[in-house]
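So the sequences go chain by chain: A and B.
With our numbering as the guide, the letters of the first sequence map in order to residues 1 to 353.
With our numbering as the guide, the letters of the second sequence map in order to residues 1001 to 1353.
Contents: one structure, followed by commentary.
Number of protein chains: 2
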Amino acid sequence: MEMNIKASASPTITDVARVAGVSIKTVSRVMNKEPGVHTETREHVLRVVTQMKYRPKLSARSLAGARSFLIGLLYYDPSAAFVSGVQQGATLRCREAGYHLVVESVKDDAPDLGQQVDQMTSALRPDGMILTPPLCENPHVLQALRESETPFVLISPERDSDGIPSVRMDDVLAAEQMTAHLISLGHKKIGFIKGPADQAASALRYKGFSRAMKAHALPVEKDFVYTGDFKFHSGLEGANKILSRRTRPTAIFASNDDMALGILASAQSLGLAVPDDLSIAGFDDSPAASLVWPQLTTIRQPTAAMARLAVEMLITSAKTADDEVQVDVSSTHMVLAHELVIRLSTGKPGKRL
Amino acid sequence: MEMNIKASASPTITDVARVAGVSIKTVSRVMNKEPGVHTETREHVLRVVTQMKYRPKLSARSLAGARSFLIGLLYYDPSAAFVSGVQQGATLRCREAGYHLVVESVKDDAPDLGQQVDQMTSALRPDGMILTPPLCENPHVLQALRESETPFVLISPERDSDGIPSVRMDDVLAAEQMTAHLISLGHKKIGFIKGPADQAASALRYKGFSRAMKAHALPVEKDFVYTGDFKFHSGLEGANKILSRRTRPTAIFASNDDMALGILASAQSLGLAVPDDLSIAGFDDSPAASLVWPQLTTIRQPTAAMARLAVEMLITSAKTADDEVQVDVSSTHMVLAHELVIRLSTGKPGKRL
DNA sequence: CTGAAAGCGCTTACAG
DNA sequence: CTGAAAGCGCTTACAG
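Here's what the structure looks like:
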């Protein structure tokens, strides 16, 4: 017969142990699902735990043990849909695993970025950190992380390097498929808006585009290619330029949605019907892609899935940190599937041109 | 002359005390900026701290003391620009104060929502929680929070209630100003797309609209008012309906940007020029508002500032929890200034109609 | 102004 | 399968 000894405040492991008539070590074993506890004992303890609403305190577990049950997410651009998706996936996986996600927004060009990271890791002692672009490439961040000996996973880094696990999608393949989609609709003159040279995705997406064009024996017209900066305005400008020529493409594929929306704006201001006069495709499936008319054909990045996997890897490495079964995730590079989202901004080339 | 006693691993308060030749209590005082330490002693300790790169461990501080230096942010809609802004402001203020932000994305209609909150508060023991709509109104969340005795602040709740601090903007005033702006441009027939009845902002914004109309002796035509659900599609539908009537308004004001973008799409599909044939105004200044052509006239909510203030209130209440000077924030309701963002989607009523 | 002692609530390492 | 002891790194309450 158990009885409540203290009703107020939150119960500690000692309270539970006393009520259950076992040692705190046994309660600890049960809470951590460790083997080596009699089924009856385990069930009995579990019952008491439920009854007393006992929840281990993170700070105590963290101080005594080797894990903090905290995962850090470092990001830069706050408005990006990309980060939203990543955070969503990370937070859900964390909850499932009894972990918590601590977010930190930093400026990519902050002079004290290294210290900020250092501050975060040494105070919090997270079991792992997740980096999103462009932080994946920031030497100060990477160095601070290495020095703190905090495990970390990169999401969509520029390139995979040995010893740093990463999760990504296949940008080249996605761009290739999108281009093939346009070609299959009947387009032969296809324009392309590139991203800025200093971002990894830019080159990869252009590569996919030109690869598909070449595969179908179509020329990549220089006049139809423009280099933007991933922002709306550059898409608008690029499209204005491309569409002002004597010969126009019947479709333009932009390296991201924001620029694709710029193309759409350009087309509308020029009185071109989309997709009849001009098909437009983007990349990202940002929220805005479904908030325009016609809705944008685009590529959906597996942001949430990438984040889930990143969390997974970090938790696993924390768990097995000093186990016999060393799971080495340090050279794991995962590639997740994307999704072609065909909407109304692409169609067969019109008859009007 | 100090010398490094242990170079490896991270130094603890004991290490610092030994090197500095003081007690750990003195180091603790210095780290917490407590008064009652000789300036010389303080400076000396500070020097050793810097030299050894000492950083107090959060878990130890949390376990021993009354504060966790953790603030929780509970949100529902992950894609919302609103949440992004709030998080941005919260994370920055937290860093300044040496706090960290733990985020948790929950489903508004999850059956175990109360338990989720309970789990979070009892494991993490955050010094405070921030809630965003529609969680501000969720009885399970509020009850779980109250039971856990975690202080919390509501951002833009439906209504202010005694004992629960809140931060908001003045929706009525903002809608009034936007309407006045349209009227000042010369519009007399102005349509309005309402938000869903179950969201507080809906009624407030409509109130501001009708108040301004009345102030200028203009009628609110029932045929020009439509009730949407804050989503793109409902704006599109509402506009289609309103614009299909014999008499059309020369301007439509939507209760949020997503619906305003729906109006824009409708206008474009009907061949109406914006703003010449139809002026369109939104509410939120979402990212998409600047990603369309013409860019949307809208209202910018002070999301980041609201979050900063919320964090501020929580930190203050945590600090003074058992001080003599009790700052009671429990009945504080702050109202922050918004901003009218006039862009190209509004203009003088055209001559064509 | 400064410090010695106790304790926060867990896990670790060890013993049986 | 179970437990007693020690200790994680700080703050609190107290003493001087």
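All C-beta atoms in this analysis are idealised placements derived from N, C-alpha and C, irrespective of residue type, glycine included.
The structure displayed is predicted, hence computed values, not measured ones.
Which residue wins for smallest C-alpha separation from residue i, given the options the options?
| i | options | result |
| --- | --- | --- |
| residue 83 of chain A | A:117, A:130, A:44, A:50 | A:130 |
| residue 253 of chain A | A:88, A:75, A:41, A:264 | A:264 |
| residue 161 of chain A | A:137, A:171, A:149, A:284 | A:137 |
| residue 1122 of chain B | A:318, A:9, A:332, A:313 | A:9 |
| residue 1169 of chain B | B:1030, B:1347, B:1301, B:1340 | B:1301 |
| residue 1202 of chain B | B:1182, B:1126, B:1230, B:1189 | B:1230 |
| residue 155 of chain A | A:164, A:149, A:59, A:344 | A:164 |
| residue 1196 of chain B | B:1239, B:1255, B:1182 | B:1255 |
| residue 1439 of chain B | B:1167, B:1114, B:1166, B:1045 | Past the boundaries of the shown model lies residue 1439 of chain B; chain B is included only from 1001 to 1353, so the question cannot be answered. |
| residue 1279 of chain B | B:1206, B:1151, B:1349, B:1058 | B:1349 |
| residue 1076 of chain B | B:1107, B:1058, B:1315 | B:1107 |
| residue 993 of chain B | B:1022, B:1112, B:1171, B:1142 | Outside the modelled stretch of chain B, which goes from 1001 to 1353, sits residue 993 of chain B, for which no answer is possible. |
Just to make sure I have the definition right: I need the residues of chain B whose C-beta is within less than 9 Å of the C-beta of residue i. Which are they?
| i | result |
| --- | --- |
| residue 354 of chain A | The requested residue 354 of chain A is not part of the displayed model; chain A covers only 1 to 353. |
| residue 344 of chain A | Simply none; closest approach about 11 Å. |
| residue 119 of chain A | 1055, 1095, 1098 |
Note down, in chain order, every chain B residue with its Cβ under 8 Å from the Cβ of residue i.
| i | result |
| --- | --- |
| residue 125 of chain A | 1057, 1058, 1059 |
Using a cut-off of 8 Å between C-beta atoms, extract the partners of residue i located in chain A.
| i | result |
| --- | --- |
| residue 1105 of chain B | 87, 88, 91, 92 |
| residue 1232 of chain B | 290, 291 |
| residue 1010 of chain B | 122 |
Compute the Euclidean distance between the alpha carbons of residue i and residue j, then round it to the nearest angstrom.
| i | j | result |
| --- | --- | --- |
| residue 228 of chain A | residue 1098 of chain B | 39 Å |
| residue 1342 of chain B | residue 1299 of chain B | 8 Å |
| residue 218 of chain A | residue 74 of chain A | 42 Å |
| residue 1324 of chain B | residue 1066 of chain B | Its pLDDT being 46, under 50, residue 1324 of chain B is placed unreliably in this model, and the value from its coordinates should be taken loosely. Each residue's Cα considered, the two are about 15 Å apart. |
| residue 333 of chain A | residue 1185 of chain B | 57 Å |
| residue 1318 of chain B | residue 1128 of chain B | 8 Å |
| residue 282 of chain A | residue 1011 of chain B | 51 Å |
| residue 1199 of chain B | residue 1158 of chain B | 7 Å |
| residue 1020 of chain B | residue 1029 of chain B | 14 Å |
| residue 38 of chain A | residue 49 of chain A | 16 Å |
| residue 92 of chain A | residue 1244 of chain B | 45 Å |
| residue 62 of chain A | residue 68 of chain A | 4 Å |
| residue 105 of chain A | residue 35 of chain A | 40 Å |
| residue 1187 of chain B | residue 1090 of chain B | 40 Å |
| residue 1095 of chain B | residue 1268 of chain B | 45 Å |
| residue 1242 of chain B | residue 1258 of chain B | 17 Å |
| residue 1337 of chain B | residue 1307 of chain B | 13 Å |
| residue 1313 of chain B | residue 87 of chain A | 25 Å |
| residue 344 of chain A | residue 1223 of chain B | 30 Å |
| residue 1261 of chain B | residue 1289 of chain B | 8 Å |
| residue 125 of chain A | residue 117 of chain A | 11 Å |
| residue 1361 of chain B | residue 14 of chain A | In the structure as shown, chain B starts at 1001 and stops at 1353, and residue 1361 of chain B therefore has no counterpart that could be examined. |
| residue 1027 of chain B | residue 226 of chain A | 60 Å |
| residue 1153 of chain B | residue 1102 of chain B | 15 Å |
Find the residues of chain B that neighbour residue i, judging by a C-beta separation of less than 7 Å, and give them in chain order.
| i | result |
| --- | --- |
| residue 140 of chain A | Under the 7 Å cutoff, chain B gives no residues; its nearest Cβ is about 16 Å from residue 140 of chain A. |
| residue 265 of chain A | 1292, 1293 |
| residue 63 of chain A | 1059, 1060, 1063 |
In the DSSP output, which residue or residues are listed as bridge partners for residue i?
| i | result |
| --- | --- |
| residue 1254 of chain B | B:1193 |
| residue 12 of chain A | The partner list for residue 12 of chain A (beta bridge, DSSP) is empty, contrary to what the question assumes. |
| residue 1281 of chain B | B:1253, B:1297 |
| residue 152 of chain A | A:129 |
| residue 166 of chain A | A:154, A:333 |
| residue 71 of chain A | A:101, A:128 |
| residue 1227 of chain B | B:1194 |
| residue 1339 of chain B | B:1300 |
Anything in chain A within Cβ reach of residue i, meaning under 7 Å, just list it in chain order.
| i | result |
| --- | --- |
| residue 1268 of chain B | 268, 293 |
| residue 1156 of chain B | Those do not exist, as residue 1156 of chain B stays about 19 Å from chain A at its closest Cβ, beyond 7 Å. |
| residue 1261 of chain B | 291, 292 |
Any heavy atom of the ligand MG within a distance shorter than 7 Å of the CB on residue i?
| i | result |
| --- | --- |
| residue 86 of chain A | The ligand MG is not part of the structure shown, which contains no ligands of any sort. |
What does residue i reach in chain A if we use C-beta pairs closer than 9 Å?
| i | result |
| --- | --- |
| residue 953 of chain B | Given a span of 1001 to 1353 for chain B in the structure shown, any question on residue 953 of chain B remains unanswerable. |
| residue 1028 of chain B | Chain A residues near residue 1028 of chain B: none, gap ~15 Å exceeds 9 Å. |
May I ask you to verify whether the stretch 1266–1286 of chain B touches the stretch 1041–1057 of chain B, counting CB pairs closer than 8 Å and requiring at least 3?
-> Between the stretch 1266–1286 of chain B and the stretch 1041–1057 of chain B there are fewer than three C-beta pairs closer than 8 Å, too few to call the two in contact.
Segment contact, 8 Å Cβ cut-off, at least three pairs: the stretch 160–176 of chain A with the stretch 225–240 of chain A = No, the stretch 160–176 of chain A does not touch the stretch 225–240 of chain A.
Three or more beta-carbon pairs under 8 Å between the stretch 1176–1194 of chain B and the stretch 1208–1216 of chain B, yes or no?
-> Yes: the two stretches touch, three or more of their Cβ pairs being nearer than 8 Å.
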